[in-house]
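J.: One structure is given below, represented as structure tokens, and several questions about it will come after.
Now the structure itself:
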């Protein structure tokens, strides 16, 4: 499922810490595949072996600083998306993960330091750039995305974006 | 307002003057994908409606991450890459054993000073050693580049690092970059370009410059750019230097004269300590390889330690040269014989053990000392192993002693 920039996403938060690297999102030994269900089967395996069985479609992954640091493997956001994660919220992201997620149509939102608790219900409003913690009644402002990223997310990812536009246009 | 090296290169490609934080759409001079990233990129390229790669001569595919294929699933992905290369008439397709992608791009001149290069691998900033703006991307970004010959990017802010003083004998670019990763932190340069200059850089070989540039990925940087001062290449090129009035996010001056051997301890490459703090730590496995440290000068450094010695009986040592060309040079000059007689096992040039794919997965609770760039939990294929990162000479000495040791402290032969 692709989420568009206009959409408001609601879901339960799974909260993890800082510097979650791509090896912990999907270990390198599982990345050589085009079978996305194989990726989802091993998502976050070395971080939280229970996550795969607990995650429900639409749930929201929440992390601290520098989420997705390490390798360029697009299999990391693909594994999360295939497992049912609807959006990833973090203080901030490592840059390749951030780009990869937008490119495959997985929304990512940067909100700086936060106190979101595990299991809490969140509402993510991509268009307004807001993350609302419904349990704590707190709202976090999201860092704005460049126009080109919003356009890619709106199209449902970079594949669809280029199907429509055919090219990036000029500088 | 002057320009950093990154701003100069992007301005030249964008056809207008740009500064940090602007968005630019730029033509690229080259693109590369590996067997981890190419299959998804090929799939996305087809889904985008791609028929021909924008410029076959500028596109390279490399089978290095799981080479030779360890199972039928990966063998079929390799087959997909071979078929795509044949169908697209890609002149630069590198099959198993050719070497590690980043080494091949530099060794074969696919990337040159002043270029903008996209690589579907996070250690692509390695080409900053040439003064190229080289960025790691994922498969779909690469597919878009294969289709359009362009990419969009945000012009990065630059952190400038000036290396002054003189390295002590035996202390290498690896010790410098480990110390810098330790000081700046795993996210210390996120989204930024890291520019290196200064007299230490001016004296560095291309291989050592590649070590510096390679591990900016471990600070979260978008790319590295090393001043071309003192750079010696076997083809003519226009040097690139930053303007004296360029604007930097931060400037660090680091006098390397007192630097000692550095080691990253489990489970993060920014957990860096002087070797003396972990000396005596027993190890089970030693690995010299990867896009960080497996070039000829690295194999020479290991051989200098291992000549006339043998690795400890309860240690296994794995070595993989960065490319077939380097392996052949090391074969001709006797380095391979020295390492083999000391008990090292050789595997096909590639990435395997570093990325935990195959050929050298450690067992539970085993400790590994490695010349690579990452020691995240599970990195080498087993989340219950512990990985220490060091320079090739320290890895070799540690293999002999069976415990972490300064090469200078090995008993006289």
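Chains as they are written, first to last, in this note's numbering: chain A, 1 to 171; chain B, 1001 to 1413. Glycine included, every Cβ here is placed at the ideal spot set by N, Cα and C.
1) If you draw a straight line from the alpha carbon of residue 112 (chain A) to that of residue 121 (chain A), how long is it in whole angstroms?
2) Which partner residues of residue 141 (chain A) appear in the DSSP bridge assignment?
3) Considering Cα atoms alone, identify which of B:1263, B:1262 and B:1327 is closest to residue 1300 (chain B).
4) Tell me whether residue 1298 (chain B) is buried or exposed, calling it buried when 16 or more other Cβ atoms sit within 10 Å of its Cβ.
5) Taking the DSSP output, what are the residues bridged to residue 1030 (chain B)?
6) Tell me, which residues are paired with residue 1197 (chain B) by DSSP?
7) Need the endpoints of the beta strand (DSSP E) that residue 1317 (chain B) sits in, please.
8) As an exercise, report each continuous beta strand (DSSP E) stretch of at least 3 residues that is fully enclosed by the segment 1319 to 1353 of chain B, in chain order.
9) For the segment 1350 to 1393 of chain B, which segments carrying the beta strand (DSSP E) assignment without a break, of at least 3 residues, lie completely within its bounds, in sequence order?
10) Taking only beta-carbon positions, decide if residue 1037 (chain B) is within less than 8 angstroms of chain A.
11) Tell me residue 56 (chain A)'s beta-bridge partners as DSSP assigns them.
12) Whose Cβ in chain B lies nearer than 7 angstroms to the Cβ of residue 16 (chain A)?
13) Would you list, in sequence order, the uninterrupted alpha helix (DSSP H) runs of no fewer than 4 residues that lie entirely inside the segment 36 to 119 of chain A?
14) Leaving out the 5 sequence neighbours to the left and right, which residues in its chain are closer than 7 angstroms to residue 1008 (chain B) when beta-carbon positions are compared?
15) How far does the beta strand (DSSP E) with residue 11 (chain A) in it extend, from its first residue to its last?
16) Between B:1347, B:1352 and B:1025, which lies nearest to residue 1154 (chain B) when the distance is taken from Cα to Cα?
17) For residue 147 (chain A), count the other beta carbons within 10 Å of its own beta carbon; 16 or more makes it buried, fewer makes it exposed. Which is it?
18) Is any beta-carbon of chain B found at less than 8 angstroms from that of residue 159 (chain A)?
19) Given a limit of 8 angstroms on CB to CB distance, which residues of the segment 1084 to 1115 of chain B reach chain A?
20) Indicate whether at least one CB of chain A lies closer than 8 angstroms to the CB of residue 1193 (chain B).
21) Whose C-beta lies closer than 6 angstroms to the C-beta of residue 1200 (chain B) among residues of the same chain, with five residues either side of it excluded?
22) Would you call the segment 1308 to 1324 of chain B in contact with the segment 1388 to 1403 of chain B, where contact means no fewer than 3 C-beta pairs closer than 8 angstroms?
23) Under a three-way DSSP split, which group does residue 1022 (chain B) fall into?
24) From B:1189, B:1173 and B:1233, pick the residue whose C-alpha is nearest to that of residue 1156 (chain B); which is it?
T.: So, from the listed chains and residues:
1) Position 112 of the first chain holds residue 112 (chain A). Position 121 of the first chain holds residue 121 (chain A). The alpha-carbon atoms of residue 112 (chain A) and residue 121 (chain A) are separated by roughly 18 angstroms.
2) Here residue 141 (chain A) refers to the residue found at position 141 when the first chain is read from its first residue. Looking at the DSSP assignment, residue 141 (chain A) forms a beta bridge with A:130.
3) The residue you call residue 1300 (chain B) lines up with position 300 of the second chain. The shortest Cα separation from residue 1300 (chain B) among B:1263, B:1262 and B:1327 belongs to B:1327.
4) Stepping through the second chain from its first residue, residue 1298 (chain B) is reached at position 298. With 16 or more Cβ atoms within 10 Å of its Cβ, residue 1298 (chain B) is classed as buried.
5) Numbered from its first residue, the second chain carries residue 1030 (chain B) at position 30. Bridge partners of residue 1030 (chain B): B:1117.
6) As a first step, residue 1197 (chain B) must be located in the second chain, where it is residue number 197. DSSP lists B:1162 as partners of residue 1197 (chain B).
7) Translated into the one-based positions of the second chain, residue 1317 (chain B) becomes position 317. Residue 1317 (chain B) -> beta strand (DSSP E) spans 1316 to 1319.
8) Entirely contained in the segment 1319 to 1353 of chain B, the beta strand (DSSP E) runs reaching 3 residues are, in chain order, 1344 to 1346.
9) Taken in chain order, the complete beta strand (DSSP E) segments of 3 residues or longer contained in the segment 1350 to 1393 of chain B are 1367 to 1370 and 1386 to 1389.
10) Here residue 1037 (chain B) corresponds to residue number 37 of the second chain, with the count starting at 1. Yes, contact with chain A.
11) Numbered from its first residue, the first chain carries residue 56 (chain A) at position 56. Residue 56 (chain A) is not bridged to any residue.
12) Position 16 of the first chain, counting from 1, holds the residue named residue 16 (chain A). None at all; the shortest Cβ gap to chain B is about 14 angstroms.
13) Counting only runs of 4 or more, we get 36 to 41, 51 to 54, 75 to 82 and 95 to 103.
14) For the purposes of this step, residue 1008 (chain B) is taken as the residue at position 8 of the second chain. Closer than 7 angstroms at the Cβ level, and outside the excluded window around residue 1008 (chain B), lie 1240.
15) The residue labelled residue 11 (chain A) in the question sits at position 11 within the first chain. Counting along the chain, the beta strand (DSSP E) containing residue 11 (chain A) begins and ends at 8 to 15.
16) The residue given as residue 1154 (chain B) occupies position 154 in the second chain. Of the listed residues, the one whose Cα sits closest to residue 1154 (chain B) is B:1025.
17) Indexing the first chain from 1 puts residue 147 (chain A) at position 147. Under this definition residue 147 (chain A) is an exposed residue.
18) As a working mapping, residue 159 (chain A) is identified with position 159 in the first chain. Taking a beta-carbon distance threshold of 8 angstroms, residue 159 (chain A) counts as an interface residue toward chain B.
19) Closer than 8 angstroms at the C-beta level to chain A, one finds no residue of the segment 1084 to 1115 of chain B.
20) Working through the second chain from its first residue, we reach residue 1193 (chain B) at position 193. No, residue 1193 (chain B) does not count as interfacial toward chain A.
21) Mapped onto the second chain, residue 1200 (chain B) falls at position 200. The residues are 1163 and 1256.
22) Flag = yes, the segment 1308 to 1324 of chain B and the segment 1388 to 1403 of chain B touch.
23) Locating residue 1022 (chain B) in the second chain gives position 22, where the first residue counts as 1. The answer is coil: DSSP assigns residue 1022 (chain B) none of H, G, I, E or B.
24) Position 156 of the second chain holds residue 1156 (chain B). With respect to the C-alpha of residue 1156 (chain B), the residue from B:1189, B:1173 and B:1233 having the closest C-alpha is B:1189.
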